[in-house]
Amino acid sequence: MAEVVVKERAVEEGEHPSPPQKHKLERRWTFWFDNQSKPKQGAAWGTSLRPVYSFDTVEDFW
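Quick note on the numbering used here: the sequence shown kicks off at 739 and runs consecutively.
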C-alpha cells in the first residue's frame, strides 16, 4: 500500500513515468511495393521495387 502512495505522489509532483519498453524484433523488416505493370524485356528484377515502410519493433508495426 505504501508503494502505491509513493508512486502517486511522485506523479503528482511532476515526475513522468518511464515509457513502456518496446519489443525489438530480431531483424529490421521492410514492406516493398512492386509496380511492374508491363515487364520490360531484359529489365533486372527489383528495378521497380520501392520500399514502403520499415520497422524493427512490434509497436512500430502494430
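Glycine included, C-beta positions come from ideal geometry on N, C-alpha and C.
For Lys760, no beta strand (DSSP E) segment is defined, and its DSSP state is neither H nor E.
As computed with DSSP, Thr785 is found in no beta bridge at all. By DSSP's assignment, Ser792 forms a beta bridge with Thr768. Residue nearest to Ser786 within the set Val796, Asp798, Trp770 and Phe793 is Trp770 (criterion: CA-CA distance). Arg765 sits close to Asp794, with the two beta carbons spaced by under 9 Å. Per the coordinates, the alpha-carbon of Pro789 lies some 10 Å from the alpha-carbon of Trp767.
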